[in-house]
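In our numbering, the protein residues as written are 9 to 88.
Input: a single structure, listed below in structure tokens.
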């Protein structure tokens, strides 16, 4: 799998932000909510998550997502 990563650290493919990076960011941040430190053994995945998280619009979205979910409760609870 490592050969399929972009040669530029912080991206899955193409060396710039793509939907793959955003989707991976979303999935891995959700995974970390339940399993803290799960990406510690995977530095390239950690770099992608950190890179996407630093984008100003993503930071804004995260802050509103957190507030919205605190008001509504965890969306996983709705599925159970």
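Beta carbons: idealized from backbone N, C-alpha and C, even for Gly.
On a predicted model such as this, the values are computed, not experimentally measured, just so you know.
Straight-line measurement puts the Cα of residue 50 at about 22 Å from the Cα of residue 67. Straight-line spacing of the CA atoms in residue 65 and residue 16 works out to 22 Å. With a threshold of 16 other beta carbon atoms within 10 Å, residue 21 falls short and is exposed. The Cβ atoms of residue 60 and residue 47 do not sit closer than 8 Å to each other.
In the structure shown, the three-state DSSP call for residue 29 is helix. Remark: C-beta atoms of residue 55 and residue 18 approach each other more closely than 8 Å.
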